[in-house]
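J.:
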Amino acid sequence: MKKKRRSIINKLYMPLFALALVLIWELIAISGIVPKFMLPSPVKVALALFNERAILASHLLWTLIEAGIGMGFALLGSFVLAVAMDRFDALYRAIYPLAVITQTVPTVAIAPLLVLWFGFGIAPKILLVFLACFFPLLVALLTGIKSADAGVLRLYRSMNASYLKVLFDVKLPFALESFFSGLRISTSYAVVGAVVAEWLGGSRGLGVYMTRVRKSFAFDKMFAVIIVISVLSLALMRLVSIIRRCAMPWKKYEKK
């Protein structure tokens, strides 16, 4: 009974903290410390979210399409390259350091170049999402593959198992934990990457909508779209957690 009560209390910490932040936000908005057009109250933001729901839904769908296509290419490309780098040591030594260095380059710096080279269509958005997600996934996959148990690998090799047999029976199962950790990060990168690319030009997407309402000083709508982006990122990360539990059912038994 005590454990159940403690579990319920632990789950209440985050909602209560979020509620406290909303109340503080409301008090600051009412007090007039910050001009109302710059910091709309949570009530106005909620009304904007409700009134603009149809428009936000259409822009959200387009951003999801861009993020989904870019993430799909990143998953495929990172898997192929991670396996190739594991199979060929020279390729690993040549590319892995560069892959780590690329993590220091912000997507905001790359986005203007992609728009300049590929125009204002969907191509630069997908490419930016690909670049934002590809290297975290590559590093996570490669780290997981390289962490395979040495004893199990020696056992398979002693039986003259092929590389593909070792890969699918040993290395990829060991890589799942690291892979899903990288995937959780990449899902949030995918949404942010798509929105950043949309800021620089386009006709549809949450980033385009955000740019329009910012220029018209409709900050209640801008806060509304920020909430949508945050909820979308959290929902995608939650989806990854669900897929992880399905793909790694043994983990729930390890915790007991």
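Counting from 10, one number per residue, gives the positions in the sequence shown under this note's numbering.
For every residue, glycine included, the Cβ atom is placed at its ideal position computed from N, Cα and C.
So for Ile131, helix, strand or coil by DSSP?
T.: The residue you call residue 131 lines up with position 122 of the sequence shown. Residue state, collapsed to three classes: coil.
J.: For the putative contact between Val204 and Gly191, defined by C-beta atoms under 8 Å, what is the C-beta separation to the nearest angstrom?
T.: In the sequence shown, the residue the question calls residue 204 occupies position 195. In the sequence shown, the residue the question calls residue 191 occupies position 182. Val204 to Gly191, Cβ: 21 Å. No contact.
J.: Which residues in the same chain have their Cβ closer than 8 Å to the Cβ of Ser187, if we skip the five residues on either side of it in sequence?
T.: Your numbering for residue 187 matches position 178 in the sequence shown. So the list reads Ala149, Leu150, Thr152, Gly153, Ser156, once near-sequence residues are dropped.
J.: Between the C-alpha atoms of Ala103 and Ile251, what's the straight-line distance to the nearest angstrom?
T.: Sequence index remark: in the sequence shown, residue 103 carries index 94 (1-based). Sequence index remark: in the sequence shown, residue 251 carries index 242 (1-based). Roughly 35 Å between the two C-alpha positions.
J.: Please go through the same chain and pick out, in chain order, the residues whose beta-carbon is closer than 7 Å to the beta-carbon of Glu61, but skip the five residues on each side of it.
T.: Stepping through the sequence shown from its first residue, residue 61 is reached at position 52. Only Lys230, Ala233 meet the Cβ criterion.
J.: Between the Cα of Ala141 and the Cα atoms of Lys174, Leu69, Gly81, which residue gives the shortest distance?
T.: Reading the sequence shown from its first residue, position 132 is the one you call residue 141. The shortest C-alpha separation from Ala141 is found at Gly81.
J.: By a C-beta neighbour count over all protein chains shown, 10 Å radius and 16 as the cutoff for buried, is Lys265 buried or exposed?
T.: Along the sequence shown, one-based indexing puts residue 265 at 256. Below a pLDDT of 50, predicted positions are generally treated as unreliable, and Lys265, at 44, falls in that range; the measurement from the model is reported next regardless. Under this definition Lys265 is an exposed residue.
J.: What is the C-beta distance between Tyr198 and Pro133, in whole angstroms, given that I count them as a contact (C-beta under 8 Å)?
T.: On the sequence shown, position 189 is the one that residue 198 refers to. On the sequence shown, position 124 is the one that residue 133 refers to. The pair is not a contact, with the Cβ atoms about 16 Å apart (cut-off 8 Å).
J.: Can you give the Cα-Cα distance for Leu85 and Leu248, rounded to whole angstroms?
T.: What you label residue 85 is simply residue 76 of the sequence shown in a count that begins at 1. What you label residue 248 is simply residue 239 of the sequence shown in a count that begins at 1. Cα-Cα distance, rounded: 19 Å.
J.: Assign Val240 to one of two classes, buried (16 or more other C-beta atoms within 10 Å of its C-beta) or exposed (fewer than that).
T.: Indexing the sequence shown from 1 puts residue 240 at position 231. Its Cβ having fewer than 16 others within 10 Å, Val240 is exposed.
J.: Quick check: the Cα distance between Arg223 and Ile33, rounded to an integer number of angstroms?
T.: Residue numbering aside, residue 223 sits at position 214 when the sequence shown is read from its first letter. Residue numbering aside, residue 33 sits at position 24 when the sequence shown is read from its first letter. Cα to Cα, Arg223 sits roughly 24 Å from Ile33.
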